[in-house]
Every structure is written in structure tokens, then in C-alpha cells.
Amino acid sequence: MSLSSSDNDLSSRRESSFEVMNRSTTEVSGPEAAKEMVEKALLRKPGGEDVLEEYKSENSLKHSTRRHLVNILASHMTEMHGYEDSYTSAKRDALGIITLFPSLKDPFSPKGYEHFYDGVKNTGYLSWRLRNMSRKNRATGSPQATTVPKLQGPNRPRPAATVPQQLDGDACREAISFLVHSPDEASVFEKMKLTLQHRQDLVRDAQRSADVFKTFPRFLDVKGPLNQDFLLLVGGETASKMLEKWDTAFKCKVIMEAKHLTQSTELCRLLNAAEKPTENVDTSWDSDMASLLLLLHLLPPTAGRKRRKICSSDAVDKMVHFHKSCCSIDEHLRGRKGQQPYILAAGHTQNKIDTFYIIVDKQLIPCQATSSLGAFDELFKSHYVFNLSYEESLVQLKIFVLQLLLNFKKVVWQIVLFQQLLVIWKNLLLDCTPKLSKKYYLLCLKIILSGLH
Numbered sequence: 001m002s003l004s005s006s007d008n009d010l011s012s013r014r015e016s017s018f019e020v021m022n023r024s025t026t027e028v029s030g031p032e033a034a035k036e037m038v039e040k041a042l043l044r045k046p047g048g049e050d051v052l053e054e055y056k057s058e059n060s061l062k063h064s065t066r067r068h069l070v071n072i073l074a075s076h077m078t079e080m081h082g083y084e085d086s087y088t089s090a091k092r093d094a095l096g097i098i099t100l101f102p103s104l105k106d107p108f109s110p111k112g113y114e115h116f117y118d119g120v121k122n123t124g125y126l127s128w129r130l131r132n133m134s135r136k137n138r139a140t141g142s143p144q145a146t147t148v149p150k151l152q153g154p155n156r157p158r159p160a161a162t163v164p165q166q167l168d169g170d171a172c173r174e175a176i177s178f179l180v181h182s183p184d185e186a187s188v189f190e191k192m193k194l195t196l197q198h199r200q201d202l203v204r205d206a207q208r209s210a211d212v213f214k215t216f217p218r219f220l221d222v223k224g225p226l227n228q229d230f231l232l233l234v235g236g237e238t239a240s241k242m243l244e245k246w247d248t249a250f251k252c253k254v255i256m257e258a259k260h261l262t263q264s265t266e267l268c269r270l271l272n273a274a275e276k277p278t279e280n281v282d283t284s285w286d287s288d289m290a291s292l293l294l295l296l297h298l299l300p301p302t303a304g305r306k307r308r309k310i311c312s313s314d315a316v317d318k319m320v321h322f323h324k325s326c327c328s329i330d331e332h333l334r335g336r337k338g339q340q341p342y343i344l345a346a347g348h349t350q351n352k353i354d355t356f357y358i359i360v361d362k363q364l365i366p367c368q369a370t371s372s373l374g375a376f377d378e379l380f381k382s383h384y385v386f387n388l389s390y391e392e393s394l395v396q397l398k399i400f401v402l403q404l405l406l407n408f409k410k411v412v413w414q415i416v417l418f419q420q421l422l423v424i425w426k427n428l429l430l431d432c433t434p435k436l437s438k439k440y441y442l443l444c445l446k447i448i449l450s451g452l453h
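Residues in the sequence shown are numbered consecutively from 1, following full-length UniProt numbering.
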């Protein structure tokens, strides 16, 4: 009797295991099944239990732990499915992450997991990690990519840089009229794709460029068209480089170099905010924004020989402005001079921003990003998409981003690097600021060259 019961129990357990496995593989959109798959992957991989323990004790994950979480899941996906097929399971794992770790859910996105994986826009931490792993795999000639058959047909992942056939004439005018009045955001994004060339012609025409927001007002009430335009113009690999590389490759280097500068009150405050985000006071920026602002101290703005010198604190205000949620944005815009883009961070405190905007010619473009790093990424993209010049005090920062983060083609790197070396050499010869110039320009040179390795 007991043996029979044991057999029945064993059979039941086998059936239950089969049902769970079947449910996990077929119902990829089920939160519980996705949660179970993520948890199993963490328990199988080294360091996975540490991720679970940290969340259990802190009800949150540090940035470094989140990166480790993404790395574990991306590695597990490629082992199970190969590089190409991994994209089909990334959506499931993204859902599993926010189900297993509810505090990681993004309350401002439709599904809550788009910052981990967004299949429509081909973005998110999992997507970027998989792309990075795939690039390294191709570079090393690893045979793993050939062991799993690639997806074909409509589900095959394709480069985001493929621009659809563009509309012109009456068809273009009809599409513009449609997207202006359409309440369906998906249709708006589709029509924006089909009118990209018309928009680029518009922003490159000095006589008509000021009309871009009148012709395409959906930039002002829909989040994402700015990112989509940049993605179509330069391709997915380039468009995501900054968000991929900042935390892993450059943030720590920037903080380390900033420690060698003369320590002012403002610099110490930014260093503390960048290194110890959990100790931030309400008047300090979050860790990412603080580290980005440290760049302005490492690469201080330079004025022409006959112009007054611009200090780093002035340059900060040209890049980002904190706006209290209880105050009028219109009043701020009326009192603001200049047309170059900058970030408007609206919230109750500097380290808890509710909404980011890119301000262009006193027009508010809502950021798709909910983080300060994402907002800075969109600020850089706005110059490219709308064909805008940089605020003079931020030109050094622009060159840094081009060289070290976007990683444009080698020939562009060489040209920009050569131009920057000429500037450094000229200033060393002129010795325009005897006390600081040599130290500053040699530091610039050190950072630039380090980005080439």
C-alpha cells in the first residue's frame, strides 16, 4: 500500500513537474511562469543567490547587482537558446524580473518591464547585453552561434537602422495630417517613421527649421519619437552605446579622475552623490547625474580668447535645470534665455525626479527615459535629430560623448581625436591659463586616449 502510494506520489510529482515546465515554456507571458524561470536561472548560476538575498534584505538592488542580474540571465538565455533565439525569451525574463523583484518595476511604462526589454524599440538592459555578447561572439569566432538555427520569417531580429520607404508629395502631407490628430500612439510612431526624410529636410533648411514642432507637434505630447528618429538615423548598435557603456566602462573612471581635481564644495558634493547614492540628501542629484556633472569639472568649458571664461557651475546650468513640481514651468520658460537644448528635471527633490523634459527653443519634449542617464542620452540625441548646435560651454562634453560613448566609426574617431589634439596643443603653446591649462589639457588627453582601448 505504501509502495503504491509512493509510486502514485512519484507519478504525480512527475506530472506536476511536466505541467510546470510545459506552462513555463508555452505561456511566456504568464507572470508566475516567468518568475519561476528567472528564479531557477538565478539559483543555477554563481552569484544568483546573492542577488536574491540582497533583494530579500533590502527590498531593492544596487546598480552593480542589477547589472549582475542582467548578465546572469543573458548568459543563461544564450546557453539555453543561442544568441538569435535569446531575443524571444528576453521578454519573458523581463516580465519575470519585475514579478520576482516588484520594486524594479517601472511605474511610468505601459508594462513595467520595458527598461529591461522592449521588443518594439529593440532597447533595454537585456537587449543591450545580448547584443554586446553577440558582437563579442562574432569577433572571437566562437562556434556557439552556429549550433542553434537562426530564426527566420517575421520573428527574426533585424537591425533597427532599416529605414522604411519614405513618403513624399500628397502621401507625405496626408501622413503628417493623420499623425497630428491620431490618438493611437502606435499609428503615430509608424507615420513618424514614414516621414523621417521630410523631417530631416525640414530641420536642415535654415528658413524652415523653426517650424519643426508646428509640423510635427507629437514630439511635444508623445514620449519616444526622438529616440525612434535617432535609432533610424544611426542604427540600434550606436543608439544604445551610451546607456550600455556608461555604468560598466566610464562612470568609475570619471569618479576616479575627479578625485584628483582641486576639491571645491560643489565638487565634493557631486563626488559624494556619485559614490554614495543611498546617502544622498534632498539637495543632491542622483548618482548618475552627479557623475555626468563631474565630467563638466573634468572637461571645463573654454571660451574664446576675447571672451570671459565660463566656470563649470555655469555650464551645469546650461545642461540641466532642477524645477520643483509645485512651481510653474511656463514661468521658468519665460525667464530662460537661449535656444540650445537642456534637461529640465521636474520633481520634489533633486534626487527624486518625477519627469524629465528636453527643452528646445522653449518647447517641452517629454523624455521617454525615467532616469537621469536616459535623459542625458536623449539630450545628446536631440542635437542630432533636430540639427542643433551645442551650447558653447558644452562643446568639450559633446566631443567626449562622441569619442568615448557613441564609438562612431574608426575614421571619425581619428578625425575628432586629431581635432582635439590640435586644440590641446594650441592651448599648451598659448598657455592661456598658466595655472591650470597644462594640467587640464593633459587630463583631457589622458581621458581621450583611454577611450581608444
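Where a beta carbon is used, it is the ideal one built from N, C-alpha and C, also for glycine.
In whole angstroms, what is the alpha-carbon distance linking residue i and residue j?
| i | j | result |
| --- | --- | --- |
| Lys-40 | Tyr-117 | 19 Å |
| Lys-56 | Ser-187 | 42 Å |
| His-395 | Phe-380 | The identity of residue 395 in the sequence shown is Val, whereas the question assumes His. The alpha-carbon atoms of Val-395 and Phe-380 are separated by roughly 11 Å. |
| Ser-291 | Glu-174 | 45 Å |
| Ser-382 | Pro-183 | 24 Å |
| Val-316 | Ser-284 | 13 Å |
| Lys-371 | Leu-243 | The displayed chain sequence assigns Ser, not Lys, to residue 371. Approximately 11 Å, taken between the alpha carbons. |
| Ile-176 | Val-222 | 15 Å |
| Lys-337 | Lys-362 | 9 Å |
| Phe-250 | Leu-179 | 39 Å |
| Leu-167 | Asn-59 | 50 Å |
| Lys-253 | Trp-246 | 10 Å |
| Leu-293 | Glu-190 | 36 Å |
| Cys-432 | Leu-298 | Caution applies to Cys-432, whose pLDDT of 46 falls short of 50 and renders its modelled position unreliable; the value that the coordinates give is listed next. Cα to Cα, the separation comes out at about 18 Å. |
| Met-77 | Asp-330 | 48 Å |
| Cys-172 | Ile-353 | 38 Å |
| Val-120 | Thr-262 | 46 Å |
| Pro-164 | Leu-130 | 25 Å |
| Glu-114 | Met-133 | 20 Å |
| Asp-211 | Arg-66 | 42 Å |
| Pro-31 | Trp-128 | 23 Å |
| Ser-103 | Ala-90 | 19 Å |
| Met-37 | Thr-195 | 41 Å |
| Glu-79 | Asp-93 | 14 Å |
Per DSSP, residue i is paired with what?
| i | result |
| --- | --- |
| Lys-352 | Thr-349 |
| Leu-364 | Ile-359 |
| His-323 | Ala-346 |
| Thr-123 | Asp-118 |
Could you check how far apart the C-beta atoms of residue i and residue j are, in whole angstroms? I think they sit under 8 Å.
| i | j | result |
| --- | --- | --- |
| Thr-123 | Ser-209 | About 28 Å separates the two Cβ atoms, so there is no contact after all. |
| Gly-169 | Gln-368 | In fact, because the Cβ distance is near 31 Å, the residues do not count as touching under 8 Å. |
| Glu-318 | Tyr-357 | Reading the sequence as shown, one finds Lys at residue 318 and not Glu. The Cβ separation is near 15 Å, so there is no contact. |
| Phe-101 | Leu-61 | 7 Å |
| Arg-204 | Asn-387 | 5 Å |
| Leu-267 | Ala-258 | 7 Å |
| Arg-373 | Asp-288 | Residue identity differs from the one stated: residue 373 is Leu in this sequence, not Arg. Confirmed, Cβ separation roughly 4 Å. |
| Ser-325 | Ala-346 | 6 Å |
| Thr-215 | Leu-202 | 6 Å |
| Asp-213 | Leu-220 | A small correction: the amino acid at residue 213 is Phe; Asp does not occupy that position in the sequence shown. Confirmed, about 6 Å. |
Do residue i and the ligand GDP come close, with the Cβ less than 8 Å from some heavy atom?
| i | result |
| --- | --- |
| Ala-210 | The ligand content of the structure shown is nil, which means the ligand GDP is not present either. |
Need the endpoints of the beta strand (DSSP E) that residue i sits in, please.
| i | result |
| --- | --- |
| Gln-228 | First-last for Gln-228: 225–234, but that is the alpha helix (DSSP H), not the beta strand (DSSP E). |
Less than 6 Å between C-beta atoms, sequence neighbours within five positions excluded: which residues of the same chain meet that for residue i?
| i | result |
| --- | --- |
| Lys-45 | Ile-72 |
| Leu-364 | Tyr-357 |
| Val-234 | none |
| Arg-23 | Because Arg-23 sits at a pLDDT of 42, beneath the cut-off of 50, its placement in the model cannot be relied upon, and the following sentence gives the value as read from the coordinates. For Arg-23, where only same-chain residues beyond five positions count, the Cβ hits under 6 Å are Ala-33. |
| Ile-359 | Tyr-342, Leu-344 |
| Tyr-125 | Val-70, Phe-116 |
If we cut at 9 Å on Cβ distances, does residue i have a partner in chain B?
| i | result |
| --- | --- |
| Phe-322 | You won't find chain B in this structure, because it holds only one protein chain. |
Between which two residues does the alpha helix (DSSP H) carrying residue i extend?
| i | result |
| --- | --- |
| Lys-40 | 31–44 |
| Arg-334 | 329–335 |
| Leu-379 | 372–385 |
| Lys-251 | 251–258 |
| Asn-272 | 265–275 |
| Val-180 | 169–181 |
| Tyr-113 | No alpha helix (DSSP H) holds Tyr-113; DSSP gives it neither H nor E. |
| Thr-248 | No alpha helix (DSSP H) holds Thr-248; DSSP gives it neither H nor E. |
| Arg-199 | 196–203 |
| Phe-213 | 212–215 |
| Asp-50 | 48–58 |
| Ser-291 | 287–298 |
Please list, in chain order, all residues of the same chain as residue i whose beta carbon is under 7 Å from its beta carbon, the five residues on each side excluded.
| i | result |
| --- | --- |
| Glu-275 | Ile-255 |
| His-68 | Gly-47, Val-51 |
| Tyr-390 | Gln-340, His-383, Lys-398 |
| Glu-185 | Val-222 |
| Glu-237 | Arg-131 |
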